Amino acid sequence: LAAIVVPGRAAKWLAGVVLMARLGRPGPVPPPGAADLTVLDVGHGLAAVVQTAGRTMLFDTGPRWRGGGTAAGVTLAPFLRSRGIRTLDTVVVSHDDSDHAGGLEEIVAEFAPRWIIGGVDGADEPCHAGRRWSWNGVGFEVIHPPRDGAFEGNDASCAIRVGAGGSVLLLLADPEGAAEHAMLAGDLAADVVLVPHHGSATSSTPGLVRASAPRWALVSAGF
77 LAAIVVPGRA
87 AKWLAGVVLM
97 ARLGRPGPVP
107 PPGAADLTVL
117 DVGHGLAAVV
127 QTAGRTMLFD
137 TGPRWRGGGT
147 AAGVTLAPFL
157 RSRGIRTLDT
167 VVVSHDDSDH
177 AGGLEEIVAE
187 FAPRWIIGGV
197 DGADEPCHAG
207 RRWSWNGVGF
217 EVIHPPRDGA
227 FEGNDASCAI
237 RVGAGGSVLL
247 LLADPEGAAE
257 HAMLAGDLAA
267 DVVLVPHHGS
277 ATSSTPGLVR
287 ASAPRWALVS
297 AGF
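The working numbering puts the sequence shown at residues 77 to 299.
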């Protein structure tokens, strides 16, 4: 406002300095033991960011569009920059479909993730049930797929359970009925669930809905 209404070059310089300071300030982070979830609007695809007090995980990288370009360049990367995130600790690519892995190349080039997990070329390790880690008092556990390779395609997409401060988040990508049924063998009770497969007719089955019984269900879908 000062740059527009106050005459003189000094006011414009001052306004520019204040604006850059505001834009360059790191975004807020949750306290130890808590986590923030942000699900980005990437159209028909998925990109979700989980932040703890000192670490950041990206779950899927959004779609690559048939006409060229990616949601990572338009939506995801600007969001990460706005939160002061310069490096990603972990990128989970649930599976190799273009609406989930389409922005991986751009994300790797700019944010140099320390660890990539999933069923894509260049991953440091596959996504297998039983893998656990903890950041700043927040627990992460891969709950699907199993190591036996019994699932393929959408049903082999990675699923992660996040526990923070007594609350549970289920990060689900594209599991269909068979994968959902297999996951019922574990504890699926959750406060927040990413609805599988963009809410398609193949997901979610009544069994998974009853087992998870979330307070919030988030759907990442296009038109």
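Idealized CB from N, CA, C, for every residue including glycine.
Predicted, not measured: the structure shown is a model, and the values here were computed from it.
Minimum Cα-Cα distance from I193 among the listed residues V94, A87, L134, W89 corresponds to L134. Contact between D136 and A123 holds: CB atoms are separated by about 5 angstroms, below the 8 angstroms threshold. A straight-line Cα-Cα distance of about 8 angstroms links A199 and W191.
The continuous stretches of alpha helix (DSSP H) do not include D136, and DSSP gives it neither H nor E. With respect to the C-alpha of V125, the residue from D224, G109, D165, P202 having the closest C-alpha is D165. Pairing A87 with S170 gives a Cβ-Cβ distance that is not under 9 angstroms. Considered as a whole, the region 125-174 harbours 153-158 as its complete alpha helix (DSSP H) runs of no fewer than 4 residues, in chain order. Annotated as proximal: G195 and A232, with beta-carbon spacing under 9 angstroms. Per DSSP, E181 is one residue of the alpha helix (DSSP H) stretching across 180-187. Rounded to whole angstroms, the gap between the alpha carbons of V268 and A258 is 20 angstroms. Setting aside the 5 residues that flank it on each side, G275 is surrounded in the same chain by V295, A297, each with a C-beta closer than 6 angstroms to its C-beta; the list follows chain order. In this structure A266 does not touch L284 by the C-beta definition: roughly 10 angstroms separates them, more than the 8 angstroms allowed.
Rounded to whole angstroms, the Cβ separation of A255 and H220 is 6 angstroms, and the two are in contact under 8 angstroms.
If you draw a straight line from the Cα of V150 to the Cα of P139, it comes to about 11 angstroms. Under the 10 Å beta carbon count, L77 is surrounded by fewer than 16 other beta carbons and is classified as exposed.
Residue state for S210 is assigned as strand, using DSSP reduced to three classes.
Taking all protein chains in view, the Cβ of A177 is crowded by 16 or more other Cβ atoms within 10 Å, so the residue is classified as buried. At least 9 angstroms separates the beta-carbon of G215 from that of A110. Taking 9 angstroms as the cut-off, the Cβ atoms of D175 and N230 do not count as close. DSSP places S288 in the helix class (H, G or I) of the three-state scheme.
With at least 16 other beta carbons inside 10 angstroms of its own, P272 counts as buried.
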